[in-house]
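A.B. asks:
Residue numbers (the UniProt record's numbering): 1 to 345.
#1: Hey, quick one: how far does the alpha helix (DSSP H) through residue 303 stretch, first residue to last?
#2: Please determine, among 314, 41, 34, the residue with the shortest C-alpha to C-alpha distance to residue 190.
#3: What residue range is occupied by the uninterrupted beta strand (DSSP E) comprising residue 208?
#4: For residue 339, tell me which candidate among 332, 324, 3, 329 has the shortest Cα-Cα distance.
#5: My output table needs one value for residue 7: the three-state DSSP class, helix, strand or coil.
#6: Determine the contact status of residue 184 and residue 312, defining contact as a CB-CB distance below 8 Å.
#7: Residue 280: buried (16+ other C-beta within 10 angstroms of its C-beta) or exposed?
#8: Which residue spans inside the segment 226-257 form an unbroken beta strand (DSSP E) run of at least 3?
#9: Between residue 80 and the ligand HEM, is there a pair consisting of the residue's CB and a ligand heavy atom that are separated by less than 7 Å?
#10: DSSP puts residue 155 in a beta bridge; with which residues?
#11: By how many angstroms is the C-alpha of residue 81 removed from the C-alpha of residue 240?
#12: So which of 90, 302, 212 has the shortest CA-CA distance to residue 291?
#13: So what does DSSP say about residue 179, is it helix, strand or coil?
#14: Quick check: the Cα distance between residue 64 and residue 175, rounded to an integer number of angstroms?
#15: Nearest to residue 331 by CA position, among 308, 342, 318, 341, is which residue?
#16: Near residue 165, what residues of its chain come up, given a Cβ to Cβ distance below 7 Å and the 5 sequence neighbours on each side ignored?
#17: What do you reckon, are the CB atoms on residue 87 and residue 79 nearer than 8 Å?
#18: Who pairs with residue 107 in a beta bridge, going by DSSP?
#19: Taking the alpha carbon of residue 31 as the reference point, which residue from 77, 75, 4, 89 has its own alpha carbon closest?
#20: Below 8 Å, how does it come out for the segment 244-262 and the segment 286-306: are there three or more Cβ pairs, yes or no?
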């Protein structure tokens, strides 16, 4: 049966439904960065004190060990430092849990310098900015996986290509024995076991660049968007051609280490296109005549519904990341309980 309800009633029922689903997970899983920091500072857990004594954060905490020779894949999860803490927590507590992460994988969050911190030193620091700066420092101490000042870039959409370049430089110089590098968004759920299984099956590669390639997937030619009101606009001054090369979605793509080293070596000369890494990275690779390969098991929710065959699925909310993970832990289908309104970020 169906019941006709008003918009307000529908919104209220939807909110109740969301709360019922959220109730399955720990309280406070969607806290903001500063809210989490305040809670941590009140508790002062032993882990924080220990990390303060060791002072091992960022790249130091993930420094190469005896296992580096077995490193198959280094994953850089692109994140907005100030605003996307809840997504980082969801990733840390699901597919990238350190105590369950598969051997052969290493994960960092690629943040760069928060743009609010890049300001004139003569301007006094506001209490709000100070709280945010201290919260970022605390997150780095507690988890040791967030890269900010270690990377020579600012955390803004227009500098997204610089974020990619800087992480590839880290990969090439500090984790050079890794076979592959992956860049992913922080709203992507990755089936790490399936991904590692695939990469091991193809073995070490050179001149390898792969991802979700819409022009191959949908058999079409893509053209640059010239609408200056849109974030993804690509003006003729930056890109005068009428067609785009086959491009991999920036939400998830893979490079072999030799390709990462090319970007690292030339990072001062390679330029980005208004932060659109989907187009920028393929253009960088064309310099050395490396063409992107399409992988059919990648998807994102804004363009397609959930599929049980996905190895990586993007555009997910913090709750959806937990829902997918819980499905797999309970040996249910990947898409069990799928609800687009609830899952979409």
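Note that CB positions come from ideal geometry on N, CA and C, so glycine has one too.
C.D. replies: In this structure, then:
#1: Translated into the one-based positions of the chain shown, residue 303 becomes position 303. Segment: none, residue 303 is in no alpha helix (DSSP H) and carries neither H nor E.
#2: As a working note, residue 190 is residue 190 in the chain shown. Ranking 314, 41, 34 by Cα distance to residue 190 puts 314 first.
#3: On the chain shown, residue 208 is found 208 positions in, with the first residue counted as 1. It is not in any beta strand (DSSP E) - residue 208 carries neither H nor E in the DSSP assignment.
#4: The residue given as residue 339 occupies position 339 in the chain shown. Minimum Cα distance to residue 339 is reached at 324.
#5: The sequence position of residue 7 within the chain shown is 7, counting from 1. DSSP places residue 7 within a helical segment (H, G or I) once states are collapsed to three.
#6: Here residue 184 is taken as the residue at index 184 of the chain shown, counted from 1. Here residue 312 is taken as the residue at index 312 of the chain shown, counted from 1. In this structure, residue 312 lies closer than 8 Å to residue 184 by Cβ.
#7: Residue numbering aside, residue 280 sits at position 280 when the chain shown is read from its first letter. The residue in question, residue 280, is buried, as its Cβ has 16 or more Cβ neighbours within 10 Å.
#8: Given a length threshold of 3 residues, each whole run of the beta strand (DSSP E) inside the segment 226-257 is given here in chain order: 252-256.
#9: The ligand HEM is not part of the structure shown, which contains no ligands of any sort.
#10: Along the chain shown, read from residue 1 onward, the residue named residue 155 stands at position 155. The beta-bridge partner set that DSSP reports for residue 155 consists of 114.
#11: Numbered from its first residue, the chain shown carries residue 240 at position 240. Numbered from its first residue, the chain shown carries residue 81 at position 81. Rounded to whole angstroms, residue 240 to residue 81 spans 33 Å at the Cα level.
#12: Position 291 of the chain shown, counted from the start, is the residue given in the question as residue 291. Nearest of 90, 302, 212 to residue 291, Cα basis: 212.
#13: The residue labelled residue 179 in the question sits at position 179 within the chain shown. For residue 179, the secondary structure class from DSSP, reduced to helix, strand or coil, is coil.
#14: In the chain shown, counting from the first residue as 1, residue 64 sits at position 64. In the chain shown, counting from the first residue as 1, residue 175 sits at position 175. Because the pLDDT of residue 64 is 48, which lies under 50, any placement of that residue in the model is unreliable, and the question is left without a value.
#15: Against the chain shown, residue 331 aligns to sequence position 331. With respect to the C-alpha of residue 331, the residue from 308, 342, 318, 341 having the closest C-alpha is 308.
#16: Mapped onto the chain shown, residue 165 falls at position 165. If we look at residue 165 and ignore the five residues flanking it on each side, its Cβ neighbours are 263, 267, 270.
#17: Here residue 87 corresponds to residue number 87 of the chain shown, with the count starting at 1. Here residue 79 corresponds to residue number 79 of the chain shown, with the count starting at 1. Note that the C-beta distance between residue 87 and residue 79 is below 8 Å.
#18: Reading the chain shown from its first residue, position 107 is the one you call residue 107. As DSSP reads the structure, residue 107 sits in a beta bridge with 75.
#19: The residue you call residue 31 lines up with position 31 of the chain shown. Nearest option by C-alpha distance: 89.
#20: Yes: at least three Cβ pairs fall under 8 Å.
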